[in-house]
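Notes follow the structure.
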Amino acid sequence: MKVIRDSYLSKYQVQIEKDMETKVTGLFGRMLRVLLKVPRNDDQLMVDSDLADEHVKLISVRGVEAIGRDVDLFTELFAGHSWGQIAAFLQRFKMSDVRRKSLLSYIRQDKNLHADIQKMLLVIVKIAQNEQLYFAEQLYTAIFDGDGDHDTIIRIVVTRSEIDLADICEIYEDKYKRCLQTDISKKCSGDYAKLLSRLIKCTDKFDNHFNIIEVE
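Just so we're aligned, residue 154 is where the sequence shown starts under my numbering, counting upward by one.
Right, dumping it as structure tokens:
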């Protein structure tokens with residue numbers, strides 16, 4: 154996030170927070186600015202079990218519905234913590250719930266949540282639970298959304314190519330019983346398809362007639 158903020162400032166000569174204050178207002182805007190300003194501690198490898206339990210107790214007192222309406226509560230639960238820490242909290246929440254419902258389910262079912270806040274919370278929870286599954290689902294939606302959401306396809310394939318794209322491909326196959334590379338090759342064409350194919354390193358199990366396209 155720091156790199157994005159610095160790049161935005163360098164390109165547009167204004168802090169991203171300043172532009173966001175004028176373009177994204179209200180409670181949703183305040184929550185987004187919290188995520189921008191509070192650096193996430195991704196170097197934290199150890200999970201603080203006591204903190205996860207404290208967060209579960211906090212929800213039991215305040216109520217799940219308060220997450221999307223209280224900036225301070227949102228900040229306490231989701232700002233600055235590593236994804237592993239948030240995942241531990243989510244797991245303990247489900248274990249403590251009398252109906253064994255996940256926080257994801259509660260957020261989805263809350264009809265009173267502002268649509269943008271609900272979407273943001275769902276993204277945070279999904280990434281914390283399984284980041285690669287989240288991107289696999291985003292790719293599937295982008296590929297089969299009409300003519301294809303090519304901006305999303307490019308963004309995910311390029312940005313994750315040196316991080317976890319192979320894992321995303323594997324999860325995509327496991328979930329949809331389809332090969333990501335095959336699906337993209339059918340949606341895209343020309344040099345565009347060739348470049349994406351070079352980035353994707355998944356094994357085709359479901360279309361033996363598909364040949365990997367090499368960039369000349």
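Backbone N, C-alpha and C define an ideal beta-carbon position, used for all residues, glycine too.
- Annotation: the continuous alpha helix (DSSP H) that includes V276 extends over A268 to Q282.
- Here K210 is exposed: its Cβ has fewer than 16 other Cβ atoms, across all protein chains shown, within 10 Å.
- Take the alpha-carbon of L349 and the one of E315: they are about 13 Å apart.
- Selection N265, C341 and I260 evaluated against V276 yields I260 as nearest (Cα-Cα).
- Per DSSP, L198 lies in no alpha helix (DSSP H) segment and is marked neither H nor E.
- By the neighbour-count criterion, in which 16 or more other beta carbons inside 10 Å mark a residue as buried, Y165 falls on the exposed side.
- The three-state reading of DSSP puts K330 in coil, since its state is none of H, G, I, E or B.
- Straight-line spacing of the CA atoms in F297 and E290 works out to 11 Å.
- Under the three-pair Cβ rule at 8 Å, the stretch 212-231 counts as touching the stretch 247-267.
- For D304, the enclosing alpha helix (DSSP H) stretches over residues H303 to R313.
- Minimum Cα-Cα distance from Y293 among the listed residues I169, C332 and R222 corresponds to C332.
- With a contact defined as Cβ atoms closer than 8 Å, E174 and G182 qualify at about 7 Å.
- Rounded to whole angstroms, the gap between the alpha carbons of E207 and V167 is 38 Å.
- S342 has its alpha-carbon roughly 42 Å from the corresponding atom of A241.
- CA-CA distance, K330 to Q244, rounds to 27 Å.
- A straight line joining the alpha-carbon of M184 with that of V278 spans about 15 Å.
- Shown here, F181 sits in a helix according to DSSP, grouped into three states.
- Spatial neighbours of W236 in its own chain (CB-CB distance under 6 Å, excluding positions within 5 residues in sequence) are listed in chain order as A281.
- Under the three-state reduction of DSSP, C322 is assigned to helix.
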